[in-house]
Amino acid sequence: MDSDMKDTGDVEMFDVNLSNTKENNAYTQTKDIDVISKSVVTKHTPWLEKYRPAKLDDIVGNEEAILRLAHFARQGNLPNIIISGPPGCGKTTSVLCLARQMLGDSFREAVLEMNASNDRGIDVVRTKIKMFAQAKVSLPKGRHKIIILDEADSMTEGAQQALRRTMELYSKTTRFALACNASDKIIEPIQSRCAMLRYSKLNDEQLLKRLMEIAKTEKVSFTSEGLEAIIFTAQGDMRQAINNLQSTVFGFGHVNSENVFKVCDEPHPILIRDMIEKCLKSDLDEAYKAMNHLWRLGYTAEDILSVIMRVTKTYPMSEFMQLEFIREIGLTYMRVSQGVESQLQLSSLLARLCEKANSTTH
Numbered sequence: 001m002d003s004d005m006k007d008t009g010d011v012e013m014f015d016v017n018l019s020n021t022k023e024n025n026a027y028t029q030t031k032d033i034d035v036i037s038k039s040v041v042t043k044h045t046p047w048l049e050k051y052r053p054a055k056l057d058d059i060v061g062n063e064e065a066i067l068r069l070a071h072f073a074r075q076g077n078l079p080n081i082i083i084s085g086p087p088g089c090g091k092t093t094s095v096l097c098l099a100r101q102m103l104g105d106s107f108r109e110a111v112l113e114m115n116a117s118n119d120r121g122i123d124v125v126r127t128k129i130k131m132f133a134q135a136k137v138s139l140p141k142g143r144h145k146i147i148i149l150d151e152a153d154s155m156t157e158g159a160q161q162a163l164r165r166t167m168e169l170y171s172k173t174t175r176f177a178l179a180c181n182a183s184d185k186i187i188e189p190i191q192s193r194c195a196m197l198r199y200s201k202l203n204d205e206q207l208l209k210r211l212m213e214i215a216k217t218e219k220v221s222f223t224s225e226g227l228e229a230i231i232f233t234a235q236g237d238m239r240q241a242i243n244n245l246q247s248t249v250f251g252f253g254h255v256n257s258e259n260v261f262k263v264c265d266e267p268h269p270i271l272i273r274d275m276i277e278k279c280l281k282s283d284l285d286e287a288y289k290a291m292n293h294l295w296r297l298g299y300t301a302e303d304i305l306s307v308i309m310r311v312t313k314t315y316p317m318s319e320f321m322q323l324e325f326i327r328e329i330g331l332t333y334m335r336v337s338q339g340v341e342s343q344l345q346l347s348s349l350l351a352r353l354c355e356k357a358n359s360t361t362h
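According to UniProt numbering, the stretch in the sequence shown is residues 1 to 362, in order.
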């Protein structure tokens, strides 16, 4: 009988040990999965989010406007603000940094961020925005809830009128920060209630500095021509520059000018420069061959004209000739944008550019 009990005990002990082993294995596997998933998330996190500035001091460019926001953060008395400027210059990021600096641990519950291009109707103002403005949130003395409306210039006029009324009703508890590309599309009653900040495009040096920082942190293989190509395609847009850098790295593993223009699907500026050079020499046949090569590669008239315009602005030629070229390119771009898109428009442009160059030299 004792031996039976001993055997039974051994079996029970074995079962317990086995179950513990299973639990340990399950825990270890779960832990491993968590580690793997975290590493995958980190690896594939968009660099735009990974390197988004967390403090006002980290934002690149528009120093005067950033200083004003820093002053608001120190004083604690934030007015309603409108920030206007081109895409990718740091409008929304600077407002988020300001909100974090002012609200600290209360940031999550005291900030509502919305993209007005998605929620542009009057119903959104009457529901989401109004409900958030009415909500009670415990904040330090002198602090307010903040509603951030990105792309506010895409809101309908009715929605903007409703927003104006909401701004009046909840002025004691809530502040509004509107980011837009064109401030003239915001109705006057809202403009009069806000402090206006205007952002400009970032210059090449500012873009290059940020790209170099990211490239070194991520141990990216690159050439100076590759970074110059990214800056050329970005046109002062930091968001575009960082996205193009990451896309090139993930697509090719090495950042050079050829890979960048493949990723961005833009005509290579060297080919465009060659075409402009032929026009300046009044060599229409060779200029047409260069343009025809780009057309056969599949680029549209707008693609080609966009790069021609950018290259012409920096090409070493007389100011008079540069203005004449820009004028002709602009007229052609207008016709193409109106729907008259064909190779004939580009051929006509090259003929006029050659004629301008020829008339100036004689």
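Here a beta-carbon is modelled for each residue, glycine too, at the ideal position from N, C-alpha and C. What you are looking at is a predicted structure, and each value in this text was computed from that prediction instead of being measured.
Check your understanding: Are at least three pairs of beta-carbons, each pair with one atom in the stretch 244 to 256 and one in the stretch 281 to 291, less than 8 Å apart?
Key -> no
Exercise for review: Check whether the Cβ atoms of Ile329 and Leu350 lie closer than 8 Å to each other.
Suggested key: Taking the first residue of the sequence shown as 1, we reach residue 329 at position 329. Taking the first residue of the sequence shown as 1, we reach residue 350 at position 350. Their beta carbons are not under 8 Å apart, which means Ile329 does not touch Leu350 by this criterion.
Review point. If you draw a straight line from the C-alpha of Asp57 to the C-alpha of Thr93, how long is it?
Key: Here residue 57 corresponds to residue number 57 of the sequence shown, with the count starting at 1. Here residue 93 corresponds to residue number 93 of the sequence shown, with the count starting at 1. The straight-line gap from Cα to Cα measures roughly 12 Å.
Check your understanding: In the DSSP assignment, what residue or residues form a beta bridge with Thr174?
Key -> To locate residue 174, count along the sequence shown from 1; it is residue 174. According to DSSP, Thr174 bridges with Lys145.
Check your understanding: Quick one: any contact between the stretch 74 to 88 and the stretch 45 to 57, if contact means 3 or more CB pairs under 8 Å?
Key -> no
Review point. Among Gln246, Ser183, Ile308, which has the Cα closest to the Cα of Ile272?
Key: In the sequence shown, residue 272 corresponds to position 272, counting from 1. Nearest option by C-alpha distance: Ile308.
Practice item. Mind checking which residues open and close the alpha helix (DSSP H) that includes Tyr337? Key: In the sequence shown, residue 337 corresponds to position 337, counting from 1. Rather than Tyr, the amino acid found at residue 337 in this sequence is Ser. Note, Ser337: alpha helix (DSSP H), 319 to 337.
**Study point:** 8 Å Cβ cutoff met for Leu98 and Leu139
**Key:** One-based indexing of the sequence shown puts residue 98 at position 98. One-based indexing of the sequence shown puts residue 139 at position 139. No. Outside cutoff.
**Study point:** Element boundaries [alpha helix (DSSP H), containing Asn115]
**Key:** Numbered from its first residue, the sequence shown carries residue 115 at position 115. Note, Asn115: premise wrong, no alpha helix (DSSP H); beta strand (DSSP E) at 111 to 115.
Review point. Of all the beta strand (DSSP E) runs that stay within the bounds of the stretch 149 to 202, which reach a length of 3 or more residues?
Key: 174 to 180, 195 to 198
Practice item. Assuming Asn181 contacts Pro86 (C-beta within less than 8 Å), just tell me the rounded distance between them. Key: Along the sequence shown, read from residue 1 onward, the residue named residue 181 stands at position 181. Along the sequence shown, read from residue 1 onward, the residue named residue 86 stands at position 86. Contact holds; Cβ gap of about 7 Å.
Review point. Count the other CB atoms within 10 Å of the CB of Met334; is the residue buried (16 or more) or exposed (fewer)?
Key: The residue labelled residue 334 in the question sits at position 334 within the sequence shown. It is exposed - the Cβ of Met334 has fewer than 16 other Cβ atoms within 10 Å.
Check your understanding: What are the complete alpha helix (DSSP H) segments, minimum 4 residues, inside the stretch 213 to 248?
Key -> 224 to 234
Check your understanding: So, does the CB of Ala133 fall closer than 8 Å to a CB anywhere in chain C?
Key -> Considering every chain present, this structure includes no chain C. It has just one protein chain.
Exercise for review: Within the same chain, show all residues whose beta-carbon is closer than 8 Å to that of Thr166, passing over the 5 residues directly before and after it, in chain order.
Suggested key: For the purposes of this step, residue 166 is taken as residue 166 along the sequence shown, with counting starting at 1. Only Val125, Ile129, Lys130, Ala133 meet the Cβ criterion.
Practice item. Using the Cα positions of Asp274 and Gly339, report the straight-line distance between them to the nearest angstrom. Key: Residue numbering aside, residue 274 sits at position 274 when the sequence shown is read from its first letter. Residue numbering aside, residue 339 sits at position 339 when the sequence shown is read from its first letter. So the two alpha carbons sit approximately 27 Å from each other.
Check your understanding: Given 8 Å as the limit, is there contact between the stretch 227 to 242 and the stretch 103 to 117, that is, 3 or more CB pairs closer than that?
Key -> no
Practice item. Starting from Ser94, trace the alpha helix (DSSP H) both ways and give me its first and last residue. Key: To locate residue 94, count along the sequence shown from 1; it is residue 94. That run of the alpha helix (DSSP H) goes 91 to 103.
Review point. Whole-angstrom Cβ separation of residue 368 and Leu112, contact assumed at under 8 Å?
Key: Past the edges of the chain, shown from 1 to 362, lies residue 368, and the structure says nothing about it.
Review point. Which two residues bound the contiguous alpha helix (DSSP H) that contains Ser257?
Key: Along the sequence shown, one-based indexing puts residue 257 at 257. 257 to 264 is the extent of the alpha helix (DSSP H) around Ser257.
**Study point:** Leu284 versus Arg352 - alpha carbon distance
**Key:** Stepping through the sequence shown from its first residue, residue 284 is reached at position 284. Stepping through the sequence shown from its first residue, residue 352 is reached at position 352. Those two C-alpha atoms are separated by around 10 Å.
Point to revise | Distance, Asn244 Cα to Ile83 Cα | key: The residue labelled residue 83 in the question sits at position 83 within the sequence shown. The residue labelled residue 244 in the question sits at position 244 within the sequence shown. Rounded to the nearest angstrom, the two C-alpha atoms are 25 Å apart.
Review point. By how many angstroms is the C-alpha of Glu225 removed from the C-alpha of Glu23?
Key: Taking the sequence shown and counting its residues from 1, one reaches residue 23 at position 23. Taking the sequence shown and counting its residues from 1, one reaches residue 225 at position 225. Any reading at Glu23 needs caution, since the residue's pLDDT is 47, under 50, leaving its predicted position unreliable; the model's value is listed next. If you take the alpha carbons of Glu23 and Glu225, they lie about 55 Å apart.
Check your understanding: In whole angstroms, what is the alpha-carbon distance linking Tyr199 and Gly298?
Key -> As a first step, residue 199 is located in the sequence shown; it is residue number 199 there, counting from the start. As a first step, residue 298 is located in the sequence shown; it is residue number 298 there, counting from the start. Computed Cα separation, rounded: 35 Å.
Exercise for review: Rounded to whole angstroms, what's the CA-CA distance from Ile326 to Lys313? Just pull it up for me.
Suggested key: Taking the first residue of the sequence shown as position 1, residue 326 is located at position 326. Taking the first residue of the sequence shown as position 1, residue 313 is located at position 313. Each residue's Cα considered, the two are about 8 Å apart.
Exercise for review: Out of Asp237, Met155, Gln161, point me to the one whose CA is closest to Gly88's CA.
Suggested key: In the sequence shown, counting from the first residue as 1, residue 88 sits at position 88. That would be Asp237, whose Cα lies nearest to the Cα of Gly88.
**Study point:** Proximity of Ile146 and Ala110 at Cβ, strictly below 8 Å
**Key:** Residue mapping note: residue 146 aligns to position 146 of the sequence shown, counting from 1. Residue mapping note: residue 110 aligns to position 110 of the sequence shown, counting from 1. Cβ atoms of Ile146 and Ala110: closer than 8 Å.
Practice item. Report the option in Cys354, Ile186, Val249 whose CA atom is closest to the CA atom of Lys216. Key: Along the sequence shown, read from residue 1 onward, the residue named residue 216 stands at position 216. Ranking Cys354, Ile186, Val249 by Cα distance to Lys216 puts Val249 first.
Exercise for review: Name the two residues that bound the continuous alpha helix (DSSP H) containing Ile276.
Suggested key: Position 276 of the sequence shown, counted from the first residue, corresponds to residue 276. Start and end: 269 to 280.
Check your understanding: Since Ser306 is in the alpha helix (DSSP H), which residue starts that stretch and which ends it?
Key -> Your numbering for residue 306 matches position 306 in the sequence shown. Its alpha helix (DSSP H) spans residues 301 to 314.
Check your understanding: Under the rule that 16 or more other beta-carbon atoms within 10 Å means buried, what is Ala135, buried or exposed?
Key -> In the sequence shown, residue 135 corresponds to position 135, counting from 1. Answer is exposed; the Cβ neighbour count stays below 16.
**Study point:** Close Cβ partners of Met321 (< 8 Å) along its chain, the five nearest in sequence each way excluded
**Key:** Residue mapping note: residue 321 aligns to position 321 of the sequence shown, counting from 1. Only Leu280, Lys356, Ala357, Thr360 meet the Cβ criterion.
Point to revise | Ile83, enclosing alpha helix (DSSP H) - first and last residue | key: As a working note, residue 83 is residue 83 in the sequence shown. Unbroken run through Ile83 is the beta strand (DSSP E), 81 to 84; no alpha helix (DSSP H).
**Study point:** Best match in Arg143, Ile190, Ser347, His268 for proximity to Gln160 [C-alpha to C-alpha]
**Key:** Position 160 of the sequence shown, counting from 1, holds the residue named residue 160. Looking at the Cα atoms, Ile190 is the closest of the given residues.
Review point. Taking the continuous alpha helix (DSSP H) assigned at Tyr288, which residues delimit it?
Key: By 1-based counting over the sequence shown, the position of residue 288 is 288. Unbroken alpha helix (DSSP H) run through Tyr288: 284 to 296.
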